[in-house]
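Below you'll find the structure, written out as structure tokens, and then a few comments.
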Amino acid sequence: MPNIGLVVAMRSEVPHMLKNTTGIYRIENNAIGLAVSGIGPKKARRTTQQVCTGSLGFMPDLLINAGFCGAVRHDLNIGHLVLANLIAYRDRELQLENSPVEKVAALLVGSEYQVGKLQTFNWPVLSRARVSGATLAVDMESFAIAQTAATYQIPALIIKAVSDIVPQHAGLFSLLSLVRNLKINTKTARNRLSMVVKKIFEEQNLFD
Numbered sequence: 002m003p004n005i006g007l008v009v010a011m012r013s014e015v016p017h018m019l020k021n022t023t024g025i026y027r028i029e030n031n032a033i034g035l036a037v038s039g040i041g042p043k044k045a046r047r048t049t050q051q052v053c054t055g056s057l058g059f060m061p062d063l064l065i066n067a068g069f070c071g072a073v074r075h076d077l078n079i080g081h082l083v084l085a086n087l088i089a090y091r092d093r094e095l096q097l098e099n100s101p102v103e104k105v106a107a108l109l110v111g112s113e114y115q116v117g118k119l120q121t122f123n124w125p126v127l128s129r130a131r132v133s134g135a136t137l138a139v140d141m142e143s144f145a146i147a148q149t150a151a152t153y154q155i156p157a158l159i160i161k162a163v164s165d166i167v168p169q170h171a172g173l174f175s176l177l178s179l180v181r182n183l184k185i186n187t188k189t190a191r192n193r194l195s196m197v198v199k200k201i202f203e204e205q206n207l208f209d
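According to the working numbering, the residues represented by the sequence shown are 2 to 209, in order.
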């Protein structure tokens with residue numbers, strides 16, 4: 002039975018099916034353990050190290066980081082999905098090795114999603130000023146999680162749902178708009194994320 006470690010930054014990112022779960026959750030042939038890291042790369046790295054060394058009660062065969070992201074492309078909207086095959090942080094880039102990106106992309110047919118580059122920052126991103134080219138979306142945890150998983154030679158899957166649109170330039174109006182729409186946008190993102198994570202958990206051929 003494959004073991005899947007699921008790492009999220011916040012309780013609001015926990016898929017609906019796992020919101021009341023303690024211990025190991027089983028679906029189809031997969032065993033899933035959940036870890037909530039807290040926000041930011043340091044907390045994400047520490048929690049991922051713990052997961053990769055058995056803190057969930059098993060050694061994971063696959064590590065999934067699911068959560069929210071800020072879109073920096075005009076063709077990504079609230080609730081759209083981003084499946085990362087490349088993650089950037091500062092001047093470094095990490096290609097996800099042995100990640101079941103293609104198999105998961107096949108599960109997303111019919112959904113609004115894109116496969117591509119995710120960029121991680123140490124702080125909330127309020128404008129696109131420091132976002133590098135070809136980036137689809139930004140977050141605060143994915144690089145640390147993927148890099149730590151790679152250190153332990155555990156494949157990682159990074160999937161995010163858009164919860165906000167990062168403006169070209171920082172400003173009071175855009176910040177107020179973000180705060181005003183935060184609740185409904187995160188609800189939309191969580192619903193979409195929950196549906197796709199459930200599909201992934203139910204997939205029997207993920208490790209073939």
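In this text, a Cβ means the ideal position worked out from N, Cα and C, and glycines have one as well.
Drop a sphere of 10 angstroms on the beta-carbon of isoleucine 160, count the other beta-carbons inside from all chains shown, and report buried for 16 or more, exposed for fewer.
-> buried
In the DSSP assignment, what are the bridge partners of phenylalanine 69?
-> Ala162
Alpha carbon to alpha carbon, how far is valine 105 from alanine 130?
-> 31 Å
Minimum length 3: unbroken beta strand (DSSP E) runs contained in the region 82-140 | 82-90, 93-96, 114-121, 136-140
Would you list the one or two residues that DSSP bridges to glycine 34?
-> Gly6, Ile25
Do serine 128 and histidine 81 have their C-beta atoms within less than 8 Å of each other?
-> no
Check the DSSP bridge columns for alanine 157 and list the partner residues they point to.
-> Leu64
Exposed or buried, which one is isoleucine 185 when buried takes at least 16 other CB atoms within 10 Å?
-> exposed
What is the DSSP secondary structure of leucine 77, counted as helix, strand or coil?
-> coil
Please report the Cβ distance between isoleucine 88 and isoleucine 5, rounded to the nearest whole angstrom; I am assuming they are in contact, meaning their Cβ atoms lie under 8 Å.
-> 19 Å between Cβ atoms; not a contact.
Put threonine 49 into one of helix, strand or coil per three-state DSSP.
-> helix
Where alanine 36 and proline 61 are concerned, what is the direct C-alpha to C-alpha distance, given to the nearest angstrom?
-> 12 Å
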